[in-house]
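Residue numbers (the working numbering): 1165 to 1354. From the three backbone atoms N, C-alpha and C, an ideal C-beta is built for every residue, glycine too. To start, the structure itself, in structure tokens.
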Amino acid sequence: MILEIVKYGNAVLRQKGARIEKVNADLKKLIADMFETMHAAKGVGLAAQQVGRALQLTVLDVRGITDRPSTLERDGKEADVAEFMPLVLINPEIKPLGDPVSGPEGCLSFPEIYAEISRAGMAEVRAMNDKGEKIDFRCGGLLARAIQHEMDHLNGILFIDRMIRADKDELKEALSELQAKTKAEMKAKK
Ligand code: ZN
1165 MILEIVKYGN
1175 AVLRQKGARI
1185 EKVNADLKKL
1195 IADMFETMHA
1205 AKGVGLAAQQ
1215 VGRALQLTVL
1225 DVRGITDRPS
1235 TLERDGKEAD
1245 VAEFMPLVLI
1255 NPEIKPLGDP
1265 VSGPEGCLSF
1275 PEIYAEISRA
1285 GMAEVRAMND
1295 KGEKIDFRCG
1305 GLLARAIQHE
1315 MDHLNGILFI
1325 DRMIRADKDE
1335 LKEALSELQA
1345 KTKAEMKAKK
């Protein structure tokens, strides 16, 4: 089922996600719906907050992007990124590694808004997968960027918080319009 993607202006995007204790049938359904929603929107990552649920859960799939490579290391060895996708991260912990790299970013909760964001070039990640198993890996490139973006969502942090001042100033009007539109839509639904 395709879920509605929550847009900027909805307070759930600022909520820190609750820790997930168990992978049960409800959670599996939510994960399946999040993948369907993300793929339909042509996104590479989607956090639970973006479908209105403040949970430590994010789904990712970088296979659709071919011009921005990703790297993956598992057990100290280079691993196939495509084979590792789609990726479910539950209660993830992240250690950013390496020098910061600036790159273009968008967000499904901010339609048509893009900016250059500086993030660590690599990241070490520990999480639980959708089978309830512990996973850990190291990644770089687009996957490292996407995971850091999604991790932020799980903590109520948005990419606009990481934009340089000049970019945020330039987007100020578009952002307040989006915020007002979201609030008006939420009010109309009540
Ligand atoms: Zn986002």
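- In this structure Leu1224 is in contact with Ile1311, their Cβ atoms being roughly 7 Å apart against a cut-off of 8 Å.
- In the structure shown, the three-state DSSP call for Met1249 is coil.
- For Asp1316, the number of other beta carbons within 10 angstroms of its own is at least 16, and it is reported as buried.
- DSSP places Thr1346 in the helix class (H, G or I) of the three-state scheme.
- Separation of Arg1227 and Gly1209 (C-alpha to C-alpha, rounded to the nearest whole angstrom) is 11 Å.
- At a threshold of 6 Å, Cys1303 does not count as near ligand 1, since its beta carbon sits no closer than that to any of the ligand's heavy atoms.
- Inclusion of Ala1287 and Ile1321 in the CB contact set at 7 Å is not warranted, their separation being larger than that value.
- Looking at the DSSP output, Asp1300 bridges to Arg1290.
- Judged by DSSP secondary structure, Gly1305 falls outside any beta strand (DSSP E) and instead within the alpha helix (DSSP H) spanning Gly1305 to Leu1318.
- Rounded to whole angstroms, Lys1298 and Pro1256 show a C-alpha spacing of 10 Å.
- Judged by their CB atoms, Val1170 and Gln1214 are nearer to each other than the 7 Å cut-off.
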